[in-house]
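Residue numbers (my numbering), protein chains in the order written: chain A, 55 to 78; chain B, 41 to 469.
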């Protein structure tokens with residue numbers, strides 16, 4: 055759910071994005 | 041499911057309204073809590089005891105000397121062109137008047153520039169500053185420096201239109217600063233309504249005479265304390281995420297909004313995380329600052345005392361600009377950190393708190409760290425009415441709303457926990 059337009063502009067690594075998403 | 045669990049427990053579960061209830065119990069017990077007062081120290085003891093009782097860890101206080109200014113009785117009376125009591129509040133650090141007060145002709149100016157223009161007519165008079173409110177940050181200079189600017193021209197006292205965009209005849213106090221090498225003259229705030237009235241009187245050519253009496257006194261600095269409680273990190277306990285607010289307040293109203301709401305938002309975030317059995321990798325530290333109102337005195341002392349630890353501060357948070365309905369966070373740091381925060385806040389879509397704005401200007405006590413490059417955030421909330429109540433008798437528990445505090449705590453606790461638990465440190469310069 056975090057892969058929206060806002061987050062797509064970011065440079066954080068995909069694995070960190072996945073890790074953050076896991077806290078939902 | 042951590043974030044959903046936090047949200048659920050606060051919005052509909054057994055932690056619902058705990059921030060409001062705990063804040064109300066505290067506010068009803070202590071009321072306002074000015075630095076240097078025994079009441080503030082009793083309030084600090086109460087928070088230390090509560091922290092232990094509710095299972096927080098490493099609960100302790102750290103001593104700091106704080107200013108000790110006492111208001112005393114005070115009044116301002118319009119004598120001419122007619123009699124009227126002017127609602128007023130002395131400004132913090134102001135000197136008092138002689139016992140019989142100061143009775144003098146008054147002159148009204150709308151700006152420092154106007155004061156310069158009429159400098160020859162100011163000697164021996166009370167100067168009334170009727171400045172237009174633009175924003176708190178821009179207009180507060182009139183509260184801070186009115187006395188010094190007017191004293192340079194020989195004025196005997198100053199009365200400043202309260203720094204607020206909206207008034208129901210409420211005076212708003214706050215700290216003021218005397219410059220070096222000028223005579224310290226008494227200074228107080230009056231209401232916007234009275235300030236406007238006095239300007240109209242002057243514009244009609246009427247002579248204004250005011251009697252000002254203030255018993256204000258400054259005593260030797262007193263010992264106070266920053267209040268600290270933690271959830272120790274499970275894997276990297278030396279690394280710290282700070283959540284904070286200030287426990288002191290002004291000596292009017294109840295300080296429920298400024299900053300009872302912010303202090304309890306931070307402190308109760310740790311309490312509820314502990315209750316839910318959530319221990320992050322890094323240490324979560326709640327700091328309840330003392331003597332913020334006198335110039336971030338507690339924060340300055342803490343930053344100095346913990347200089348060696350600075351590199352271990354991973355992320356710092358403070359709420360000191362209202363705990364109304366939350367919208368997200370205000371952030372200071374490098375762009376990558378903003379992206380991490382946006383990703384974390386996207387977990388909070390269900391409660392509509394996904395916005396990240398810059399900079400983190402609602403956290404005065406953390407500015408020392410932010411300026412050193414440590415990333416941090418303050419609470420972004422619907423604070424349009426914040427300065428209606430700020431530093432006035434209207435700052436009471438009635439400003440606070442249980443539902444808004446549930447949402448704000450869900451946001452605050454979730455962000456603090458996730459930042460403290462993810463593998464990567466928050467990006468910084």
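Glycine included, every Cβ here is placed at the ideal spot set by N, Cα and C.
Using the Cα positions of residue i and residue j, report the straight-line distance between them to the nearest angstrom.
{"i": "residue 350 (chain B)", "j": "residue 415 (chain B)", "result": "12 Å"}
{"i": "residue 72 (chain B)", "j": "residue 294 (chain B)", "result": "4 Å"}
{"i": "residue 374 (chain B)", "j": "residue 238 (chain B)", "result": "49 Å"}
{"i": "residue 300 (chain B)", "j": "residue 285 (chain B)", "result": "8 Å"}
{"i": "residue 309 (chain B)", "j": "residue 47 (chain B)", "result": "12 Å"}
{"i": "residue 325 (chain B)", "j": "residue 230 (chain B)", "result": "40 Å"}
{"i": "residue 274 (chain B)", "j": "residue 464 (chain B)", "result": "15 Å"}
{"i": "residue 156 (chain B)", "j": "residue 186 (chain B)", "result": "12 Å"}
{"i": "residue 160 (chain B)", "j": "residue 145 (chain B)", "result": "14 Å"}
{"i": "residue 437 (chain B)", "j": "residue 296 (chain B)", "result": "5 Å"}
{"i": "residue 82 (chain B)", "j": "residue 266 (chain B)", "result": "13 Å"}
{"i": "residue 128 (chain B)", "j": "residue 356 (chain B)", "result": "37 Å"}
{"i": "residue 236 (chain B)", "j": "residue 354 (chain B)", "result": "48 Å"}
{"i": "residue 389 (chain B)", "j": "residue 371 (chain B)", "result": "18 Å"}
{"i": "residue 123 (chain B)", "j": "residue 233 (chain B)", "result": "16 Å"}
{"i": "residue 456 (chain B)", "j": "residue 69 (chain B)", "result": "29 Å"}
{"i": "residue 269 (chain B)", "j": "residue 362 (chain B)", "result": "22 Å"}
{"i": "residue 89 (chain B)", "j": "residue 60 (chain B)", "result": "19 Å"}
{"i": "residue 188 (chain B)", "j": "residue 430 (chain B)", "result": "23 Å"}
{"i": "residue 214 (chain B)", "j": "residue 68 (chain A)", "result": "48 Å"}
{"i": "residue 321 (chain B)", "j": "residue 442 (chain B)", "result": "30 Å"}
{"i": "residue 51 (chain B)", "j": "residue 117 (chain B)", "result": "50 Å"}
I'd like to confirm the pairing. Which residues does DSSP put opposite residue i in its beta bridges?
{"i": "residue 62 (chain B)", "result": "According to DSSP, which records beta bridges pairwise, residue 62 (chain B) is partnered with nothing at all."}
{"i": "residue 418 (chain B)", "result": "B:358, B:370"}
{"i": "residue 148 (chain B)", "result": "B:168"}
{"i": "residue 426 (chain B)", "result": "According to DSSP, which records beta bridges pairwise, residue 426 (chain B) is partnered with nothing at all."}
{"i": "residue 353 (chain B)", "result": "B:280"}
{"i": "residue 431 (chain B)", "result": "Per DSSP, none; premise fails for residue 431 (chain B)."}
{"i": "residue 110 (chain B)", "result": "B:257"}
{"i": "residue 229 (chain B)", "result": "B:129, B:200"}
{"i": "residue 286 (chain B)", "result": "B:329"}
{"i": "residue 268 (chain B)", "result": "B:100, B:327"}
{"i": "residue 105 (chain B)", "result": "B:263"}
{"i": "residue 117 (chain B)", "result": "B:125, B:251"}
{"i": "residue 215 (chain B)", "result": "B:132"}
{"i": "residue 142 (chain B)", "result": "B:252"}
Residue i: which of the options sits nearest, CA to CA?
{"i": "residue 305 (chain B)", "options": "B:180, B:398, B:419, B:239", "result": "B:419"}
{"i": "residue 367 (chain B)", "options": "B:382, B:376, B:373, B:353", "result": "B:382"}
{"i": "residue 364 (chain B)", "options": "B:371, B:429, B:440", "result": "B:440"}
{"i": "residue 78 (chain B)", "options": "B:99, B:400, B:228, B:288", "result": "B:288"}
{"i": "residue 205 (chain B)", "options": "B:147, B:319, B:428", "result": "B:428"}
{"i": "residue 343 (chain B)", "options": "B:408, B:394, B:389", "result": "B:408"}
{"i": "residue 397 (chain B)", "options": "B:406, B:379, B:119, B:104", "result": "B:379"}
{"i": "residue 341 (chain B)", "options": "B:253, B:42, B:263", "result": "B:263"}
{"i": "residue 94 (chain B)", "options": "B:336, B:74, B:182, B:317", "result": "B:317"}
{"i": "residue 298 (chain B)", "options": "B:281, B:328, B:173", "result": "B:328"}
{"i": "residue 247 (chain B)", "options": "B:121, B:59, B:45", "result": "B:121"}
{"i": "residue 314 (chain B)", "options": "B:84, B:118, B:176, B:92", "result": "B:92"}
{"i": "residue 395 (chain B)", "options": "B:401, B:402, B:386, B:175", "result": "B:386"}
{"i": "residue 244 (chain B)", "options": "B:70, B:444, B:124, B:148", "result": "B:148"}
{"i": "residue 461 (chain B)", "options": "B:45, B:276, B:434", "result": "B:276"}
{"i": "residue 444 (chain B)", "options": "B:84, B:422, B:75", "result": "B:422"}
{"i": "residue 163 (chain B)", "options": "B:303, B:208, B:193", "result": "B:193"}
{"i": "residue 251 (chain B)", "options": "B:99, B:119, B:106", "result": "B:119"}
{"i": "residue 434 (chain B)", "options": "B:334, B:281, B:321, B:212", "result": "B:212"}
{"i": "residue 401 (chain B)", "options": "B:180, B:369, B:87", "result": "B:369"}
{"i": "residue 57 (chain B)", "options": "B:449, B:43, B:466", "result": "B:449"}
{"i": "residue 72 (chain A)", "options": "B:384, B:469, B:200", "result": "B:384"}
Which residues in the same chain as residue i place their Cβ atom closer than 7 Å to its Cβ, once the five residues preceding and following it in sequence are excluded?
{"i": "residue 111 (chain B)", "result": "130, 256, 291"}
{"i": "residue 404 (chain B)", "result": "332, 336, 360"}
{"i": "residue 60 (chain A)", "result": "With a pLDDT of only 49 at residue 60 (chain A), under the threshold of 50, the placement of this residue in the model should not be trusted, and no figure is reported."}
{"i": "residue 62 (chain B)", "result": "304, 308"}
My guess is that residue i and residue j are in contact by the Cβ rule of under 8 Å, so how many angstroms apart are they, rounded?
{"i": "residue 216 (chain B)", "j": "residue 242 (chain B)", "result": "About 23 Å separates the two Cβ atoms, so there is no contact after all."}
{"i": "residue 432 (chain B)", "j": "residue 210 (chain B)", "result": "5 Å"}
{"i": "residue 169 (chain B)", "j": "residue 198 (chain B)", "result": "6 Å"}
{"i": "residue 134 (chain B)", "j": "residue 227 (chain B)", "result": "5 Å"}
{"i": "residue 458 (chain B)", "j": "residue 74 (chain A)", "result": "7 Å"}
{"i": "residue 280 (chain B)", "j": "residue 330 (chain B)", "result": "So it is not a contact: roughly 19 Å between Cβ atoms."}
{"i": "residue 195 (chain B)", "j": "residue 225 (chain B)", "result": "6 Å"}
{"i": "residue 167 (chain B)", "j": "residue 338 (chain B)", "result": "With 8 Å as the limit, residue 167 (chain B) and residue 338 (chain B) do not qualify as a contact, their Cβ atoms being about 33 Å apart."}
In chain order, what residues of the same chain have a beta carbon less than 8 Å from the beta carbon of residue i, not counting five sequence neighbours either side?
{"i": "residue 260 (chain B)", "result": "108"}
{"i": "residue 158 (chain B)", "result": "147, 149"}
Grab me the residues of residue i's own chain with a C-beta within less than 6 Å of its C-beta, minus the 5 sequence neighbours each way, in chain order.
{"i": "residue 115 (chain B)", "result": "253"}
{"i": "residue 57 (chain A)", "result": "Low confidence applies to residue 57 (chain A): its pLDDT is 43, below 50, so where it sits in the model is not reliable, and the reading given next is rough at best. Here the set comprises nothing."}
{"i": "residue 447 (chain B)", "result": "366, 391"}
{"i": "residue 55 (chain B)", "result": "49, 312"}
{"i": "residue 272 (chain B)", "result": "97, 323"}
At the 7 Å Cβ level, is residue i part of the contact set with chain C, yes or no?
{"i": "residue 72 (chain A)", "result": "Annotation note: the requested chain C is absent from the structure, which comprises protein chains A and B."}
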